[in-house]
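K.L.:
In our numbering, the protein residues as written are 884 to 1075.
Cβ coordinates follow ideal geometry from the N, Cα and C atoms, glycine included.
Since we're looking at a predicted model, the values are computed, not measured.
One structure, pasted below without further comment.
Structure representation (structure tokens):
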């Protein structure tokens, strides 16, 4: 698997270092994860899934309050609704969406399958490429975005035979994306 060698992500490392220090489990997802897996795409923000509960709200707020825009109320709301909140680095003005991990079996499976990947001389937890594909299938259905489907095709082209197709097909079927996954397979020349 191709690994990113760029270490020029000051906001990313600030956030990851603090999550690690606070023992908050996380995984990078979205376009930044796509970049890690070898398909460069510009992005205006980064998405990080975090495992937090209402007991972590104050702790998380304190991690970022000094040098990030962060709302304690937004964190509480995101935890209650298993949704997201954002923080903005005051120095770089880069936005980070922190997505509260859901408690369903699929989300737990995603966390169990996250990968520890080396970037430069550092390591970071990143969503598995299969789970990134499944997440993008879900996001593209909600937003009707062609960008998400193009991202999926690019992941499949870059990683080619390195994907666990059985896992992909099982969860795509369980989540109602089987036909859409098949169309994408056809578009990139995959056999199902």
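Between 997, 1052 and 1057, which has its C-alpha nearest residue 1068's C-alpha?
P.N.:
The residue with the shortest Cα to Cα distance from residue 1068 is 1052.
K.L.:
May I ask you to verify whether the region 931-941 touches the region 976-996, counting CB pairs closer than 8 Å and requiring at least 3?
P.N.:
Yes, since at least three Cβ pairs between the region 931-941 and the region 976-996 fall closer than 8 Å, the two stretches touch.
K.L.:
Kindly list the residues whose CB is nearer than 7 Å to the CB of residue 936, restricted to its own chain and excluding five residues on each side of it in sequence; keep chain order.
P.N.:
The residues are 962.
K.L.:
Tell me, please, whether the region 913-923 touches the region 956-972 by the rule of three or more beta-carbon pairs shorter than 8 Å.
P.N.:
Short answer: they don't touch.
K.L.:
Since I believe residue 928 is in contact with residue 979 (beta carbons under 8 Å), could you give me their beta-carbon distance rounded to a whole number of angstroms?
P.N.:
Right, the Cβ-Cβ distance comes to about 6 Å (below 8 Å), so this counts as a contact.
K.L.:
In terms of residues, what are the limits of the alpha helix (DSSP H) holding residue 1069?
P.N.:
Per DSSP, residue 1069 belongs to the alpha helix (DSSP H) from 1061-1071.
K.L.:
My output table needs one value for residue 1046: the three-state DSSP class, helix, strand or coil.
P.N.:
Coil at residue 1046, not helix or strand.
K.L.:
Enumerate, from N- to C-terminal direction, the unbroken alpha helix (DSSP H) stretches of 4 or more residues contained entirely within the region 990-1033.
P.N.:
The region 990-1033 contains these whole alpha helix (DSSP H) runs: 1012-1026.
K.L.:
What first and last residue would you give for the beta strand (DSSP E) that runs through residue 927?
P.N.:
No beta strand (DSSP E) holds residue 927; DSSP gives it neither H nor E.
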